[in-house]
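Protein chains in written order, with our numbering: chain A, 38 to 367; chain B, 2 to 111.
Each remark here refers to the structure printed beneath this line.
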């Protein structure tokens, strides 16, 4: 992706005060806070923007037409970086990570190097016989699946993620359950990720998890470990939708009013380093989508010997309000 | 006055406490306690509130509880059904008074 384009996408509706500060920086200032990196424990890898879905909330605007894919050379550079630094957790995202042709090598290379290897899956990509080998690989390496399941309602799910998504997702969840994923004591963790279907925020994650567990179990016999309720980040296709629907200002105001200074300490950007499909380092995947480099300069993962230094300033913009809203973001 | 109802007034609800702070505080404390999860979930309470909002035809309440219902995980079909419940009760309340009409009419008629 062209970095200039990314910044331009954000700039059309960015709001700044007289000092040129974005909404998030203004909120930090009001609370006398600043955002700096802590000890890095998680490596996040975006293996590309190719996806079988074109979700309306996607902050990287992933889709079937996207050509941006992490190549084998970069995959090896990422594995080498993980070998040099040993992260507690590794978080593989996309696009649909399963569609990267080097995903098997990446998982096999990273699995011995971390105790928690996670893959973010949209579920529908795992529907089909060609994915059986990949599912077997996930089981072999005890890969933790973070599965997108936004809503218990078919219409809401399909309007966000495309026709047929809801039913296909249920089928894949049943299959994963039959293989042990989400089952007590199986050692195969299956977590669901829910996100709002529009310009609003979800409320209590605990109450949502309780309801999802009850309804998925009763109606479809599906089990899972935990549910994460994540807010949509106003970037990419989601920001375009907010702008087109005339709800961007309302959404940003909602995020601003939900700003929680207590959530800052637990923000993932403090302890995570994110590698883009090109191998460039960022403080998080959202900064990657917006083109805000880690430490303010373009560094390739192969050039980075160690971890980012604690105390380094984290690049921020208005969308950072999403992670600081309510209970924070994981 | 340009218009009676202004959407921008909704987030200013707490300003009503400026002239009667103690009363407002008691009201808002009661309000937040009522709407918190108890025997009913917050989602169920928001659906009830949405129904009532339509019964009393309060645009502020309709706006607020439409958002609340979505935030708490309800969908449009559930929210529409909830409004039909209040519509049925309102309609039934009119219809049951037809018995009063019948009583009066029967008493006056030969």
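Here a beta-carbon is modelled for each residue, glycine too, at the ideal position from N, C-alpha and C.
Check	Outcome
Just how far apart, CA to CA, sit residue 45 of chain A and residue 290 of chain A?	Any reading at residue 45 of chain A must be qualified, since the residue scores a pLDDT of 36, below 50, and its modelled position is unreliable; the value itself is stated next. Each residue's alpha carbon lies about 22 Å from the other.
If residue 198 of chain A and residue 150 of chain A are in contact, beta carbons under 8 Å, what's the gap, nearest whole angstrom?	32 Å between Cβ atoms; not a contact.
If residue 269 of chain A sits next to residue 232 of chain A, beta carbons under 8 Å apart, how far is it from one beta carbon to the other, in whole angstroms?	6 Å
By a C-beta neighbour count over all protein chains shown, 10 Å radius and 16 as the cutoff for buried, is residue 261 of chain A buried or exposed?	buried
From this set, A:342, A:306 and A:100, which residue's C-alpha is nearest residue 359 of chain A's C-alpha?	A:306
State the DSSP-derived secondary structure class of residue 87 of chain A, mapped to helix, strand or coil.	strand
Find the nearest neighbour of residue 203 of chain A within the set A:176, A:224, A:167 and A:159, judged by alpha-carbon distance.	A:159
Anything in chain A within Cβ reach of residue 11 of chain B, meaning under 7 Å, just list it in chain order.	Within chain A, no residue comes near residue 11 of chain B; the closest Cβ sits about 11 Å away, beyond 7 Å.
Check the Cβ-Cβ distances between residue 77 of chain B and every residue of chain A, and say whether any is below 9 Å.	yes
Evaluate contact between the region 93-103 of chain B and the region 45-57 of chain B, counting only Cβ atoms and requiring at least three cross-stretch pairs below 8 Å.	no
For chain A, is any of its Cβ atoms less than 9 Å away from the one on residue 46 of chain B?	no
Provide the residue span of the alpha helix (DSSP H) that contains residue 55 of chain B, from first to last.	43-56
Identify whether residue 201 of chain A lies in helix, strand or coil by the three-state DSSP scheme.	coil
Within 10 angstroms of the Cβ of residue 193 of chain A, are there 16 or more other Cβ atoms? Answer buried if so, exposed if not.	buried
If you compare alpha carbons, which of B:16, B:73 and B:33 is closest to residue 240 of chain A?	B:73
In chain B, which residues lie less than 8 Å from residue 248 of chain A when you measure between Cβ atoms?	42, 44 and 74
Just the chain A side, please: which residues come within less than 8 Å of residue 71 of chain B by C-beta, in chain order?	233, 234, 235 and 237
Between the alpha carbons of residue 81 of chain A and residue 153 of chain A, how many angstroms are there, rounded?	12 Å
Between residue 15 of chain B and chain A, is the shortest Cβ-Cβ distance under 9 Å, so that the two count as touching?	no
Secondary structure at residue 184 of chain A, three-state DSSP: helix, strand or coil?	strand
Take the Cβ of residue 105 of chain B as the centre, count every other Cβ of all protein chains shown within 10 Å, and call the residue buried at 16 or more, exposed below.	exposed
Since residue 38 of chain B meets chain A, which of its residues come closer than 7 Å, beta carbon to beta carbon?	244
Strictly under 9 Å for the Cβ-Cβ distance: is residue 153 of chain A near chain B by that measure?	no
CA-CA distance, residue 200 of chain A and residue 101 of chain B?	53 Å
Give the interface partners of residue 26 of chain B over in chain E, defined as CB-CB distance under 7 Å, in chain order.	Within the model displayed, chain E is absent; protein chains A and B are what it includes.
So what's residue 296 of chain A in DSSP terms, helix, strand or just coil?	strand
From what residue to what residue does the beta strand (DSSP E) around residue 128 of chain A run?	126-130
Since residue 79 of chain A contacts residue 279 of chain A with CB under 8 Å, what's their CB separation in whole angstroms?	In fact, because the Cβ distance is near 28 Å, the residues do not count as touching under 8 Å.
Taking 9 Å as the cut-off, decide whether the C-beta atoms of residue 115 of chain A and residue 147 of chain A are in contact.	yes
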